[in-house]
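A.B. asks: Using this note's numbering, the letters of the sequence shown correspond one by one to residues 29 to 507.
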Amino acid sequence: MRLLGIFLFSFLSITIFSQQWVETKYSYDSIMNLTYGSSIDFAGDLVNHKMNIYLPKCGDGSKKYVKPLIMFIHGGAFLAGNKDEQNIVHLCKQFAKRGYVTATISYRLGFISDDAAWSCVYQNYSCVFASDSSEWSRAYYRAVQDAKGALRFLINRNAEYQIDVNNVFVSGESAGSFLALGTALLDSESERLPDTYTLPDAPAPNTNTSSCIYRVNKVLNKPIARPDLGSIDGSIEPTSIDFTIQGIGNMYGAMLNDLLKIHNSNKPKPAIYSFHQPCDLVVPIDSGVVYQGLSWCFTNGYNCYGIQNNNKKLYGSRAISNLNQENNYGYQIHNEFTSTNFPYNFLIGQGSCIDQVNNPCHAYDNFGLREMNLARFFAQLIQNNNGCTENTQVENISPIEDCISISTEINSDKILIHNYCHSDFRIQILSLEQKLVNQFTAYSKSLIEVNTSEYNTGIYVIIIVDPSGPVVAKRIFIQ
Numbered sequence: 029m030r031l032l033g034i035f036l037f038s039f040l041s042i043t044i045f046s047q048q049w050v051e052t053k054y055s056y057d058s059i060m061n062l063t064y065g066s067s068i069d070f071a072g073d074l075v076n077h078k079m080n081i082y083l084p085k086c087g088d089g090s091k092k093y094v095k096p097l098i099m100f101i102h103g104g105a106f107l108a109g110n111k112d113e114q115n116i117v118h119l120c121k122q123f124a125k126r127g128y129v130t131a132t133i134s135y136r137l138g139f140i141s142d143d144a145a146w147s148c149v150y151q152n153y154s155c156v157f158a159s160d161s162s163e164w165s166r167a168y169y170r171a172v173q174d175a176k177g178a179l180r181f182l183i184n185r186n187a188e189y190q191i192d193v194n195n196v197f198v199s200g201e202s203a204g205s206f207l208a209l210g211t212a213l214l215d216s217e218s219e220r221l222p223d224t225y226t227l228p229d230a231p232a233p234n235t236n237t238s239s240c241i242y243r244v245n246k247v248l249n250k251p252i253a254r255p256d257l258g259s260i261d262g263s264i265e266p267t268s269i270d271f272t273i274q275g276i277g278n279m280y281g282a283m284l285n286d287l288l289k290i291h292n293s294n295k296p297k298p299a300i301y302s303f304h305q306p307c308d309l310v311v312p313i314d315s316g317v318v319y320q321g322l323s324w325c326f327t328n329g330y331n332c333y334g335i336q337n338n339n340k341k342l343y344g345s346r347a348i349s350n351l352n353q354e355n356n357y358g359y360q361i362h363n364e365f366t367s368t369n370f371p372y373n374f375l376i377g378q379g380s381c382i383d384q385v386n387n388p389c390h391a392y393d394n395f396g397l398r399e400m401n402l403a404r405f406f407a408q409l410i411q412n413n414n415g416c417t418e419n420t421q422v423e424n425i426s427p428i429e430d431c432i433s434i435s436t437e438i439n440s441d442k443i444l445i446h447n448y449c450h451s452d453f454r455i456q457i458l459s460l461e462q463k464l465v466n467q468f469t470a471y472s473k474s475l476i477e478v479n480t481s482e483y484n485t486g487i488y489v490i491i492i493v494d495p496s497g498p499v500v501a502k503r504i505f506i507q
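1. Counting pairs of beta carbons, one from the stretch 327-342 and one from the stretch 388-396, are three or more of them closer than 8 Å?
2. DSSP on E219, reduced to helix/strand/coil?
3. When we look at the beta-carbon of P233 and count the other beta-carbons within 10 Å, is it buried (16 or more) or exposed?
4. Rounded to the nearest angstrom, how far is the Cβ of P296 from that of T366, given a contact under 8 Å?
5. Count the other C-beta atoms from every protein chain shown that fall within 10 angstroms of the C-beta of C381, then say buried if there are 16 or more, exposed otherwise.
6. Taking the alpha carbon of V94 as the reference point, which residue from A187, F157, S67 and Y82 has its own alpha carbon closest?
7. Going by C-alpha to C-alpha distance, which of I504, Q151 and I432 sits closest to S239?
8. N184 and T267: beta carbons closer than 8 Å?
9. Kindly provide the ranges of any alpha helix (DSSP H) runs that are 4 or more residues long and lie completely inside the stretch 164-216, ordered along the chain.
10. At the level of alpha carbons, what is the spacing between N61 and V478?
11. Buried or exposed: T226, going by 16 or more other Cβ atoms within 10 Å of its Cβ?
12. From the DSSP output, which residues share a beta bridge with A282?
13. First and last residue of the alpha helix (DSSP H) that includes Q320?
14. How close, in whole Å, do the beta carbons of S67 and I290 come, if the pair is a contact with beta carbons under 8 Å?
15. According to DSSP, is S154 helix, strand or coil?
16. Taking 7 Å as the limit between beta carbons, can you name the residues of its chain near R136, skipping five residues before and five after?
17. For L209, which residues of its own chain have a beta-carbon under 7 Å away from its beta-carbon, when the five flanking residues on both sides are left out?
18. If you draw a straight line from the alpha carbon of P371 to that of Y488, how long is it in whole angstroms?
19. Given 8 Å as the limit, is there contact between the stretch 119-126 and the stretch 139-157, that is, 3 or more CB pairs closer than that?
20. Could you check the C-alpha separation between I491 and L475 for me, to the nearest Å?
21. Kindly list the residues whose CB is nearer than 8 Å to the CB of F37, restricted to its own chain and excluding five residues on each side of it in sequence; keep chain order.
22. Express the C-alpha separation of Q408 and F197 in angstroms, rounding to a whole number.
23. Under a three-way DSSP split, which group does L36 fall into?
24. Could you have a look at N419 and say whether DSSP puts it in helix, strand or coil?
25. Should V385 go down as buried or exposed, given a rule of 16 or more other Cβ atoms within 10 Å for buried?
26. Contact between the stretch 215-231 and the stretch 159-167 is defined here as three or more beta-carbon pairs at a separation below 8 Å; is this criterion met?
27. Have a look at L342, S159 and S202 and flag the residue whose alpha-carbon is nearest the alpha-carbon of P251.
28. For the beta strand (DSSP E) containing R454, name the first residue and the last one.
29. Apply the 10 Å Cβ neighbour rule to C148 and answer buried if 16 or more other Cβ atoms are within range, or exposed otherwise.
30. Pick helix, strand or coil for I135, following the three-state DSSP scheme.
31. Which stretch, first to last residue, makes up the alpha helix (DSSP H) that contains R398?
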């Protein structure tokens, strides 16, 4: 009971004293599709990586306020996904409204898939079969290197984006949580996985994986080299600037090895917020392997093979917490776990294979609740930053900011504008010199594809005219 009292007091303290990091009260500007670096993918191709940045409008112009930074990382099993995932963009916007500089990033996807012909009625079944289990480690490691580089890109521009380098946070969902944990905790070469050094060439993947997202436009008909992947930090945006990661958001993620044991003694140990459902079919909450529950469902109902070459041990969210407690590592970890276990039943019961078709456990149970709890948890960790406490300009936030999404397609000359709102809006695209480049109407519940092949490289401003509220302006970088 005493422990419960301490827990409740802790969150009461957050509520009373840290509202400036919890309430959504600021408007924001955004910089879209900004290239932060490039790196070599699993097939030996050079890949450019992009990010979106959201900047809270804070201050009256006479004084610049530095703000905490959160980098949100999308999931997708290291095989799919992008920086414009709806949940991740929503979190970026909501935390920018709380006063944080936020960013969402792309990173290297994919691994060398198996040369055997796996087939099943389950969609994209063959795409999750790696050439061997080392490919999971290598896909994870490449993505961690990119995430570390993206964070350094932001740190190197802390003056431009008004970032408080002493209050940095990383958060993700699923594979993105693996990367958030890796970005913050993989800080010694001794923690590097053995699979990330030079390995023998892998056979060419089977042709039935040619439609997998990570294989699009790749001709892989020869054995593929697997070189040494380099240092834990990668090569993107080296920095000499000292910065501190105060907290990690782990949403149904895991670690591939114990990253808690070794930590830079010159830095505080980042606190960890973990949300996970015990019935998760993709990432086990305890120790296990990736797709452990889903593999059971394949073999006990879909009449398919279990997923092969995925026997890398994972430490899920509860296993991470247990490592911390059993070894007295001393990390502050706040766990929010639901109660439904996977029943190892295909048809019957909450959390069964069929039940999770419409009610997946590798997901949030209550997105709004977990977002708010993450905000409260991070708020207590912010050190020596009072936010915009004087001469602060707080603008009205247009409701269209939550229901209009602006994104780009990888390797495409298109801007995608999704209008999820119930109203029509007038859209204008201006050059940085305020020259009108394009204008059109974005009708309710519509998707607009804007061809940018004739646009010059540079920053453009997208104006969204809301008849019932303020004009919203977004910046986007076009190459």
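Virtual Cβ for every residue (Gly too), placed ideally from N, Cα, C.
C.D. replies: Well, looking at it:
1. They do not touch, by the three-pair rule.
2. Within the sequence shown, numbered from 1, the residue matching residue 219 stands at position 191. Residue state, collapsed to three classes: helix.
3. Working through the sequence shown from its first residue, we reach residue 233 at position 205. That one is buried.
4. On the sequence shown, residue 296 is found 268 positions in, with the first residue counted as 1. On the sequence shown, residue 366 is found 338 positions in, with the first residue counted as 1. Not quite, the Cβ-Cβ distance comes to about 30 Å (not below 8 Å), so this is no contact.
5. If you number the sequence shown from 1, residue 381 lands on position 353. Flag for C381 reads buried.
6. Locating residue 94 in the sequence shown gives position 66, counting from the first residue. Among A187, F157, S67 and Y82, the Cα nearest to that of V94 belongs to A187.
7. Within the sequence shown, residue 239 is the residue found at index 211, counting from 1. Out of I504, Q151 and I432, Q151 has the C-alpha closest to the C-alpha of S239.
8. Mapped onto the sequence shown, residue 184 falls at position 156. Mapped onto the sequence shown, residue 267 falls at position 239. With contacts defined by Cβ atoms closer than 8 Å, N184 and T267 form a contacting pair.
9. 186-189 and 203-213
10. On the sequence shown, residue 61 is found 33 positions in, with the first residue counted as 1. On the sequence shown, residue 478 is found 450 positions in, with the first residue counted as 1. Distance between the alpha carbons of N61 and V478: 14 Å.
11. Here residue 226 corresponds to residue number 198 of the sequence shown, with the count starting at 1. Exposed, because fewer than 16 other Cβ atoms sit within 10 Å of the Cβ of T226.
12. Mapped onto the sequence shown, residue 282 falls at position 254. Answer is G344, bridged to A282.
13. Reading the sequence shown from its first residue, position 292 is the one you call residue 320. Residues Q320 to T327.
14. One-based indexing of the sequence shown puts residue 67 at position 39. One-based indexing of the sequence shown puts residue 290 at position 262. About 25 Å; that fails the 8 Å criterion.
15. In the sequence shown, the residue the question calls residue 154 occupies position 126. It is helical.
16. Your numbering for residue 136 matches position 108 in the sequence shown. Around R136: S67, D69, V75, R170, A171 and D174.
17. Counting from one through the sequence shown, the residue named residue 209 turns up at place 181. Excluding residues within five positions, the ones whose Cβ falls inside 7 Å are I276, N278, G281, M283 and L287.
18. Position 343 of the sequence shown holds residue 371. Position 460 of the sequence shown holds residue 488. Spanning the two alpha carbons is a distance of roughly 52 Å.
19. no
20. Position 463 of the sequence shown, counted from the start, is the residue given in the question as residue 491. Position 447 of the sequence shown, counted from the start, is the residue given in the question as residue 475. If I take the Cα positions, the gap works out to 16 Å.
21. Within the sequence shown, the letter at position 9 stands for residue 37. With a pLDDT of 35 at F37, under the threshold of 50, the predicted position of this residue should be treated as unreliable, though the coordinate-derived value follows. Counting only Cβ-Cβ distances below 8 Å, and skipping sequence neighbours, we find nothing.
22. On the sequence shown, residue 197 is found 169 positions in, with the first residue counted as 1. On the sequence shown, residue 408 is found 380 positions in, with the first residue counted as 1. Cα to Cα, the separation comes out at about 12 Å.
23. Walking along the sequence shown from the start, residue 36 turns up at place 8. For L36, the predicted structure reports a pLDDT of 34, less than 50, and the residue's modelled location is therefore unreliable. A value from the coordinates is still provided. Assignment of L36 by DSSP, reduced to helix, strand and coil, places it in the helix class.
24. Within the sequence shown, numbered from 1, the residue matching residue 419 stands at position 391. Because the pLDDT of N419 is 40, which lies under 50, any placement of that residue in the model is unreliable, and the number read from its coordinates should be weighed accordingly. Coil, per DSSP.
25. Stepping through the sequence shown from its first residue, residue 385 is reached at position 357. The residue is exposed, with fewer than 16 neighbouring Cβ atoms inside 10 Å.
26. yes
27. Within the sequence shown, residue 251 is the residue found at index 223, counting from 1. Of the listed residues, the one whose Cα sits closest to P251 is S159.
28. Position 426 of the sequence shown, counting from 1, holds the residue named residue 454. Per DSSP, R454 belongs to the beta strand (DSSP E) from F453 to S459.
29. The residue you call residue 148 lines up with position 120 of the sequence shown. Flag for C148 reads exposed.
30. Sequence index remark: in the sequence shown, residue 135 carries index 107 (1-based). The sequence given here places Tyr at residue 135; Ile does not occur at that position. Coil.
31. Residue numbering aside, residue 398 sits at position 370 when the sequence shown is read from its first letter. R398 -> alpha helix (DSSP H) spans F395 to A407.
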